[in-house]
Every structure is written in C-alpha cells, then in structure tokens.
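So the sequence shown is residues 3 to 79, counted in the working numbering. Cβ atoms here follow ideal geometry from the backbone N, Cα and C, with glycine treated the same way. Report on one structure; see the data block that follows.
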Amino acid sequence: MKRLIVNADDFGFTRGVNRAVVRAFKSGIVTSTTIMANGEAFEDAVQLALANPGLGVGCHLAVVGGLAVARASQLRS
C-alpha cells in the first residue's frame, strides 16, 4: 500500500501558522509537520503537538531565519 506524506513547514513560526497546521491535520490534509525551535510560537507548537498525538513532528533546521538560540560569541566561523 502506498502512502502520501504531506508535511506542513514552519510549525512554531507564529501562532497563526500553528493553528493552520493543526486545522489541516484535523481535516486530513497534513500528516506531519516540522517544528522551528527558534520560532516565536515554539512553546505553543509544542503544546499543540502534545494535544494531537497522531501528528508526526520533525525538526525544522532554520540556519538563517528566526530568533537566535545561541549568542554570536558561541559560534565558530
């Protein structure tokens, strides 16, 4: 049996994005999402993910956008 995975990007970016991802999941459109640990609505996304255990959640690697999670002095070039 073939399955189609439809992934919603940017979970945790804003509360609006989070709500849209959950709505799409509950409608059967989205099967997974990727969460941005440096998004302004990260904590909200975590709570929504816990409340929707069937939603697959992966890591969204945001290298150049969003809030910094480390100080510049901690980074090596």
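With a 10 Å radius around its C-beta and 16 neighbouring C-beta atoms as the bar for buried, classify residue i as buried or exposed.
i: aspartate 12; result: buried
i: isoleucine 31; result: exposed
i: isoleucine 7; result: exposed
i: glycine 67; result: exposed
i: glycine 60; result: exposed
Specify the secondary structure class of residue i as computed by DSSP and reduced to three states.
i: alanine 51; result: helix
i: alanine 10; result: strand
i: alanine 74; result: helix
Would you give the residue range spanned by the beta strand (DSSP E) that residue i belongs to?
i: valine 59; result: 58 to 61
8 angstroms is my cut-off, CB to CB: does residue i come that close to chain C?
i: alanine 43; result: Here chain C cannot be found, since the structure has a single protein chain.
Continuous alpha helix (DSSP H) assignments of at least 4 residues falling wholly in the region 12 to 44: Restricted to the region 12 to 44, the alpha helix (DSSP H) segments that are unbroken, complete and at least 4 residues in length are 17 to 28, listed in chain order.
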